[in-house]
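S.K.:
Chains as they are written, first to last, in the numbering used here: chain W, 385 to 791; chain U, 77 to 198.
#1: When burial is assigned at 16 or more other CB atoms within 10 Å of the CB, is residue 620/W buried or exposed?
#2: With DSSP as the reference, identify every bridge partner of residue 187/U, one or two as the case may be.
#3: Please report the Cβ distance between residue 755/W and residue 708/W, rounded to the nearest whole angstrom; I am assuming they are in contact, meaning their Cβ atoms lie under 8 Å.
#4: Using a beta-carbon distance cut-off of less than 9 Å, what residues from the segment 158-175 of chain U approach chain W?
#5: With burial defined as no fewer than 16 other Cβ atoms inside 10 Å of the residue's Cβ, what is the status of residue 351/W: buried or exposed?
#6: Between residue 591/W and the rest of its own chain, which residues show a CB-CB distance below 7 Å, the 5 nearest in sequence each way excluded?
#7: Check residue 116/U in the structure and name its three-state DSSP category.
#8: Is it true that the CB of residue 183/U sits closer than 8 Å to the CB of residue 89/U?
#9: Let me know the secondary structure DSSP gives residue 152/U once reduced to three states.
#10: Taking the C-alpha atoms as reference points, what is the distance between residue 503/W and residue 527/W?
#11: Can you tell me which residues form a DSSP beta bridge with residue 161/U?
#12: Rounded to the nearest angstrom, what separates residue 731/W and residue 654/W at their Cα positions?
#13: In chain W, what lies closer than 9 Å to residue 114/U by C-beta?
#14: With a 10 Å radius around its C-beta and 16 neighbouring C-beta atoms as the bar for buried, classify residue 163/U as buried or exposed.
#15: Give the interface partners of residue 118/U over in chain W, defined as CB-CB distance under 7 Å, in chain order.
#16: Determine the burial state of residue 652/W: buried for a count of at least 16 other Cβ atoms within 10 Å of its Cβ, exposed for fewer.
#17: Across which residues does DSSP place residue 123/U in a beta bridge pair?
#18: Going straight from the alpha carbon of residue 98/U to that of residue 700/W, what length do you get?
#19: Tell me, please, whether the CB atom of residue 452/W is closer than 8 Å to any CB atom in chain U?
#20: Using DSSP with H/G/I as helix, E/B as strand and the rest coil, what is residue 543/W?
#21: Confirm, please, whether the CB-CB distance from residue 676/W to residue 618/W is below 8 Å.
#22: Taking the alpha-carbon positions, what's the residue 95/U to residue 773/W distance?
#23: In chain order, what are the residue ranges of uninterrupted alpha helix (DSSP H) at least 4 long that sit wholly in the segment 416-450 of chain W?
#24: Run through DSSP, which three-state label would residue 139/U get?
#25: Just the chain U side, please: which residues come within less than 8 Å of residue 661/W by C-beta, in chain order?
#26: Classify residue 721/W as buried or exposed, calling it buried when 16 or more other Cβ atoms lie within 10 Å of its own Cβ.
#27: So what does DSSP say about residue 773/W, is it helix, strand or coil?
#28: Between residue 433/W and residue 402/W, how many whole angstroms is the CB-CB distance? I'm expecting something under 8 Å.
#29: I need the DSSP call for residue 195/U, collapsed to helix, strand or coil.
#30: Taking residue 546/W as the reference, which of 679/W, 627/W and 415/W has the closest Cα?
#31: For residue 781/W and chain U, any beta-carbon pair shorter than 8 Å?
#32: Taking Cβ positions, are residue 176/U and residue 105/U nearer each other than 8 Å?
#33: Tell me which same chain residues have a C-beta within less than 7 Å of the C-beta of residue 453/W, skipping the five on either side of it?
#34: Go ahead and label residue 78/U buried or exposed: buried means 16 or more other beta carbons lie within 10 angstroms of its beta carbon, across all protein chains shown.
#35: Could you run through the segment 497-513 of chain W and flag, in chain order, every residue whose CB is less than 9 Å away from some CB of chain U?
#36: By the DSSP assignment, the beta strand (DSSP E) with residue 179/U in it spans what residues?
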């Protein structure tokens, strides 16, 4: 279709959410369904007409066409009781001129409404902003289409019932938090699908990065957005080295770093270099900096673990000490600086405070193995295997346990 | 995060239920299915036939052996399951407490995380 219309796929994906955002801003988030249908109609019109008559300004053309399609749909919708009300709103003026990219950002914020459960925020974002079909989302999460469809329907209804309506540009900062979180969840789920092997969903990772780029365009001044995008790029860059033969998970310290995607690493590092952090760097920027330290090292031995330990300590403070996984990672970094024996007591204290914390047994097993306490390491590996719900991770732990027996 | 809620049933307990209790259980399950579908957490449910209809396939000498009857002699059997996709384990447990079996002495529910899923193409 791109060859026929002369429009590349990237532009479509930029134009569609932008157009939907504009319509929603005019007609209100209660009209989510109709607006979405109108945008679909306009995209079809574009596919038919742009091949022979390409517009000067594709965005303006699409928006104007989608508005006409919206009007058509509302006028022909005789069954709805609130028809008169909506027809009256058709002539509502634009809420104000927005810079390019802003409407897509507002749409993202709308989809990540803080009142929606995280799973609904993610589903709605993938549907409305990324333009994935319900079937594609269902496939990415290995859920039935009806489950995803129901989540999206319910989310739209919640948005329609919510009086606050479409987010306003001046509130961009306030509602950015949930958007960053949703994109981050998308990325971590793409790389760590708890539902099973393989441990990565390429579509989901690509969508998350695409949306983060969109967000970066729309808020270039935010260091957290830059941090999130850099973190995503540096994480994605590791993928070729992360999954070994037979879907085996290769941990960071065993990865062949020459297989990392150099272009993504360079882009991520360049982003970090360009950021001028404020007085207190946020959690995403700090995580990106940690990934950056790994990306600059050629292997585990040459990694600046002292720097990583400091960054994790800052991250612990930035998140109010509420995330025990961060503390666990700080302990791992500390062990690289001080040796495994010195941190076992802190690990036990953390495990006692958070009995259900994932990966504690895997970390303990690894530390005990490095300390030469083989028998204790073996029983910790067994506990870790029982506790993990990720198939690739289970395989990796079994492999470590087997090697322990050989050594 | 997907969880399976296994329904442990005891045929002796089921036989002694009053018609009113049976009706409460039936309606309770219907309401549970409707509520989890509405919330977008429902994935699937299956009720299993009586264990007397089980066949057991296990490794034999040259080839797998097939025998009648349940896998192990036990008072309780798996009667069926719900497959749900929920935010976390706490939510899975909360939903399990809403299943009517949770109010019948002698019946029980087991909540376990799913580690691999392939639901096919449709």
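The C-beta atom is built at its ideal place from N, Cα and C for all residues, glycine as well.
M.R.: In terms of the structure at hand:
#1: Within a 10 Å sphere around the beta-carbon of residue 620/W sit 16 or more other beta-carbons, which makes this residue buried.
#2: Note: residue 187/U sits in a beta bridge opposite 81/U.
#3: Contact doesn't hold; Cβ gap of about 22 Å is too wide.
#4: Listed in sequence order: 161, 162, 163 and 165.
#5: Given that chain W is displayed from residue 385 to residue 791, the structure contains no residue 351/W and the question cannot be resolved.
#6: Cβ within range, chain order: 510, 514, 516 and 570.
#7: Here DSSP, grouped into helix, strand and coil, assigns residue 116/U to coil.
#8: Their beta carbons are under 8 Å apart, which means residue 89/U touches residue 183/U by this criterion.
#9: Residue state, collapsed to three classes: coil.
#10: Near 12 Å, if we compare the C-alpha coordinates of residue 527/W and residue 503/W.
#11: According to DSSP, residue 161/U bridges with 78/U.
#12: When rounded, the separation of the alpha-carbon atoms in residue 731/W and residue 654/W is 35 Å.
#13: What residue 114/U touches in chain W: 534 and 538.
#14: Looking at its Cβ environment, which holds fewer than 16 other Cβ atoms inside 10 Å, residue 163/U is exposed.
#15: Residues of chain W passing the Cβ test: 531.
#16: By the 10 Å Cβ count, residue 652/W comes out buried.
#17: Residue 123/U pairs with 156/U.
#18: Straight-line Cα distance between these residues: approximately 53 Å.
#19: For residue 452/W, the answer is no, since every Cβ of chain U falls outside 8 Å of its Cβ.
#20: It is helical.
#21: Yes; because the gap between Cβ atoms is below 8 Å, this pair is in contact.
#22: Going from the Cα of residue 95/U to the Cα of residue 773/W covers about 41 Å.
#23: If only uninterrupted alpha helix (DSSP H) runs of at least 4 residues are considered, those enclosed by the segment 416-450 of chain W are 416-433.
#24: Coil at residue 139/U, not helix or strand.
#25: Neighbourhood of residue 661/W in chain U, by CB distance below 8 Å: empty, with the nearest CB roughly 32 Å away.
#26: Exposed: under 16 other Cβ atoms inside 10 Å.
#27: When secondary structure is reduced to three states using DSSP, residue 773/W falls in the coil class, being assigned neither helix nor strand.
#28: About 19 Å separates the two Cβ atoms, so there is no contact after all.
#29: Of the three classes helix, strand and coil, the one that applies to residue 195/U here is coil, per DSSP.
#30: Closest by alpha carbon: 415/W.
#31: No, its Cβ sits nowhere closer than 8 Å to a Cβ of chain U.
#32: In this structure, residue 176/U sits near residue 105/U, with a CB-CB distance shorter than 8 Å.
#33: Hits under 7 Å: 422, 425 and 426.
#34: It counts as buried.
#35: Correct list: 501, 502, 503, 504 and 507.
#36: From DSSP, residue 179/U is part of no beta strand (DSSP E); its letter is neither H nor E.
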